[in-house]
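Student: Quick one: this structure, given as C-alpha cells, is what I'll be asking you about.
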Amino acid sequence: KYRPKEIGAWIKTGRAVEPTIKSAATFSEQWWQWYLELQPTGRAQEDGSLQRVVLDKAEWSELYKGMINGMYSLLASLAWW
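Letter 52 of the sequence shown, counting from 1, is numbered 236 in our numbering, and no numbers are missing.
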C-alpha cells in the first residue's frame, strides 16, 4: 500500500538499475510509512516509534509477502538515499 513507487519500478526492471530518487524527503517519508505498515500489530507506539521488545506471538507475515520482493527490497532500498 505505501511502498514507494521507486521500489516498484526497480522490481519491474528486474532489479537491474538503481532507481532515481527525485526527492529524498518524499522517498524517506514513503519508505517509513511502508516499513511501519509491515510491522506486527501493536508494535507501533502512540508517538510513532516502535517498541524494541516484540511479543513472542507477533505476526510477521507482512514482511514475508512477495517473498524476495519483500524483505530484500526493504533492505536494498536503504542504500538509495
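For each residue, glycine too, the CB sits at the ideal point set by N, CA and C.
Is the region 256-264 close to the region 199-211, with three or more CB pairs under 8 Å?
Tutor: yes
Student: Between Q217 and Y186, which are expected to be in contact by the criterion C-beta below 8 Å, what is the C-beta distance as a whole number of angstroms?
Tutor: 4 Å
Student: Can you tell me which of E190, F211, W215 and A209 puts its alpha carbon nearest to the alpha carbon of V201?
Tutor: E190
Student: Output the distance between the C-alpha atoms of R351 and L234, rounded to the nearest integer angstrom.
Tutor: This structure leaves residue 351 out entirely; the chain is present only between 185 and 265.
Student: Tell me A208's beta-bridge partners as DSSP assigns them.
Tutor: Its beta-bridge partners do not exist; DSSP assigns none.
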